[in-house]
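Trainee: Whatever position you read off the sequence shown (first residue = 1), add 22 for the working numbering. Heads up, the beta-carbon is just placed ideally off N, CA and C, and yes, glycines get one too.
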Amino acid sequence: MNKLDMVPFFDIYGCLLKEKQRDILENYYNGDLSFSEISQNEGITRQGISDNIKRSEMALLKFEDKLNLVSFLNSLQGCIKDLDENSLQNEISLNTIYLKKILEIKNIIDRYITDII
23 MNKLDMVPFF DIYGCLLKEK QRDILENYYN GDLSFSEISQ NEGITRQGIS DNIKRSEMAL
83 LKFEDKLNLV SFLNSLQGCI KDLDENSLQN EISLNTIYLK KILEIKNIID RYITDII
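#1: With C-beta atoms as the reference, is ASN49 less than 8 Å away from ILE60?
#2: In terms of residues, what are the limits of the alpha helix (DSSP H) holding TYR51?
#3: So which of LYS40, VAL29, LYS103 and ILE46 has the shortest CA-CA distance to ILE71?
#4: I need the boundaries of the alpha helix (DSSP H) containing GLY70, first residue and last residue.
#5: Can you give the Cα-Cα distance for LYS128 and SER78, rounded to whole angstroms?
#6: Helix, strand or coil: how does DSSP classify ASN24 here?
#7: I'd like to know whether the C-beta atoms of TYR134 and ASN90 end up nearer to each other than 8 Å.
#8: Could you tell me the boundaries of the alpha helix (DSSP H) in which SER56 lies?
#9: Assign LYS128 to one of three DSSP states: helix, strand, or coil.
#10: Could you tell me if LEU121 is buried or exposed, where buried requires 16 or more neighbouring beta carbons within 10 angstroms of its beta carbon?
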């Protein structure tokens, strides 16, 4: 998984990481700093930064494996995008489309709640 693919996981689960992990990933993802720049800021080796990032990314993916929040939000965003794209259609068919998408959103939420309970 590349750097950009990890950003949503960090945005959602970053608060669950240790402060040092969070700071390093913040610099890496949002500050777009290199391993060398981060290692200078943190006072540890480039290899230490690399190891920390790998461990932190694994932790983020484990959180997603258990909670599925990124997947859940992506599903909801897909439904909302479909609603936006279909809003150009005539009003009669639009009501049917909205009703179907609202039911789809409800099903996504129901599945998510069932999975975490």
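Mentor: In short:
#1: yes
#2: Looking at the DSSP string, TYR51 is not in any alpha helix (DSSP H), and its letter there is neither H nor E.
#3: For the residues LYS40, VAL29, LYS103 and ILE46, the minimum Cα distance to ILE71 belongs to ILE46.
#4: 68-89
#5: Rounded to whole angstroms, LYS128 to SER78 spans 33 Å at the Cα level.
#6: coil
#7: yes
#8: Element bounds for SER56: n/a, residue is neither H nor E.
#9: helix
#10: exposed
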